[in-house]
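Quick note, in the numbering used here, the sequence shown goes up one by one and the last residue is 600.
Structure first, commentary second.
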Amino acid sequence: MDLTDLRVFRTVVEAGGVTRASQRLHRVQSNVTTRIKKLEEDLGVALFEREGKRMRLTSAGTTLVSFADEMLTLAERARDAVQEKTPHGLLRLGAMESTAAVRLPGPLTALHGRYPDLNVELRTGASRPLIQQVLSGELDAALVAGAVSDPRLETLPTFHERLVIVANASHPPIARAADVKTRAILAFRAGCHYRQRIEDWFQRDGVPIERIVEVASYHAILGCAAAGMGVALTPQSVLDAYTERAQLSVHELDPEMRDVLTLLVWRKDVSRVKIMALADLLGPSTVAAEVRLEPVAEESRAS
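Here's what the structure looks like:
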């Protein structure tokens, strides 16, 4: 079996068809189809049942998936073992907005100083979309929140975050969701782990959320909270860097809701050299560079 054929096979399975697989692999559809047929001929079995443009895995195809993952992972590890160990080229990294703003400046500066031939392309987003981008190969690795159980991914704990509820400075104490005066939450788009956690907090107390105001940055979230537009769930590390903290009230959560671990995730079957270069500089003891979040402009607070 050819490793390239196995990669094409696995991509077709993950993408759900030849058309999307060809886009991910940057190959013409006929080449992808030829590779699948060649693999089937080599194995002497049909891997897909074809119904028009639809393709479904046969029992043999289902069996091959796990073996393909293991073989491709082993091949990448063998490549890492024999190739030069100095990281270079491009590392496509995803991170949550809070992690990128507060946790990464120090490690990325150190990474550049240690490996000047390694360039980092940083993309921010919510945890769920970032994980999907790692799985599809759009990102080499990502820093995400919450548990990750996909067997195709490796994970490494990096940062421990303590979450707090923030509201405007005059808001009375908040011990549970029922204490929130304005039943609006300020959050990123769906797919954000912190947004899901505050939604679960309201639901656990049986308190309906009147509306969700979606914003694009923590600058805007904290500014809108200060203006009394709603409440938000934010890492303490982000709040500590905010220069207008006096305009906010901070409310503690119970341990079940407040503690969250940030994980570095990457595919098991990709080269680890560049990822491990970054991983060596991450962790609970990492001291991030001093970052101050400036107050949001008035027009952002009103948005």
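Using N, Cα and C, we set each Cβ at its ideal position, and we do this for glycine too.
message: Buried or exposed for Leu-300, going by 16 or more other Cβ atoms inside 10 Å?
response: Here residue 300 refers to the residue found at position 3 of the sequence shown. The residue in question, Leu-300, is exposed, as its Cβ has fewer than 16 Cβ neighbours within 10 Å.
task: Give the DSSP-derived three-state secondary structure of Arg-471 in the structure shown.
output: On the sequence shown, residue 471 is found 174 positions in, with the first residue counted as 1. Position check: residue 471 holds Ile in this sequence, whereas Arg was assumed. The three-state secondary structure of Ile-471, taken from DSSP, is coil.
message: Going by C-alpha to C-alpha distance, which of Gly-358, Asp-497, Val-570 sits closest to Glu-311?
response: Within the sequence shown, residue 311 is the residue found at index 14, counting from 1. It is Gly-358.
- prompt: If you draw a straight line from the alpha carbon of Leu-545 to that of Gly-488, how long is it in whole angstroms?
  reply: Counting from 1 along the sequence shown, the entry for residue 545 is found at position 248. Counting from 1 along the sequence shown, the entry for residue 488 is found at position 191. Between the alpha carbons of Leu-545 and Gly-488 lies a gap of roughly 26 Å.
- prompt: Beta-carbon separation of Leu-561 and Pro-404 under 8 Å?
  reply: The residue labelled residue 561 in the question sits at position 264 within the sequence shown. The residue labelled residue 404 in the question sits at position 107 within the sequence shown. It is not a contact, given that the beta carbons lie outside the stated cut-off.
- prompt: Is it true that the CB of Thr-370 sits closer than 8 Å to the CB of Asp-566?
  reply: Locating residue 566 in the sequence shown gives position 269, where the first residue counts as 1. Locating residue 370 in the sequence shown gives position 73, where the first residue counts as 1. Asp-566 places its beta carbon less than 8 Å from that of Thr-370.
- prompt: Between Met-368 and Arg-374, what straight-line distance do the alpha-carbon atoms span, to the nearest angstrom?
  reply: Against the sequence shown, residue 368 aligns to sequence position 71. Against the sequence shown, residue 374 aligns to sequence position 77. Using only the alpha carbons, I get a separation of about 10 Å.
message: Taking CB distances under 8 Å as the criterion, tell me whether Ile-482 reaches chain D.
response: Annotation note: the requested chain D is absent from the structure, which comprises a single protein chain.
message: Give me the residue from Ala-398, Asp-414, Ala-407 with the minimum Cα distance to Gly-386.
response: In the sequence shown, the residue the question calls residue 386 occupies position 89. Minimum Cα distance to Gly-386 is reached at Asp-414.
message: Can you look up Asp-497 in the DSSP assignment and give me helix, strand or coil?
response: As a position in the sequence shown, residue 497 is number 200, starting the count at 1. Correct three-state label for Asp-497: helix.
- request: Have a look at Glu-507, Val-329, Arg-564 and flag the residue whose alpha-carbon is nearest the alpha-carbon of Ser-446.
  value: The count along the sequence shown starts at 1 and reaches residue 446 at position 149. Among Glu-507, Val-329, Arg-564, the Cα nearest to that of Ser-446 belongs to Arg-564.
task: Kindly indicate which three-state DSSP category Met-526 falls into: helix, strand or coil?
output: Within the sequence shown, the letter at position 229 stands for residue 526. DSSP, read as helix, strand or coil, puts Met-526 in coil.
- request: Just mark Pro-532 as buried or exposed, buried being the case when its beta carbon has 16 or more other beta carbons within 10 Å.
  value: For the purposes of this step, residue 532 is taken as the residue at position 235 of the sequence shown. The residue is buried, with at least 16 neighbouring Cβ atoms inside 10 Å.
- prompt: How is the alpha helix (DSSP H) around Thr-264 delimited, first residue to last?
  reply: The shown model of the chain, from 298 to 600, leaves out residue 264, and the question about it has no answer.
query: Can you tell which of Ser-424, Arg-411, Ile-428, Ala-439 has its C-alpha closest to the C-alpha of Glu-418?
result: Sequence index remark: in the sequence shown, residue 418 carries index 121 (1-based). Selected option, being the one with the closest Cα: Ala-439.
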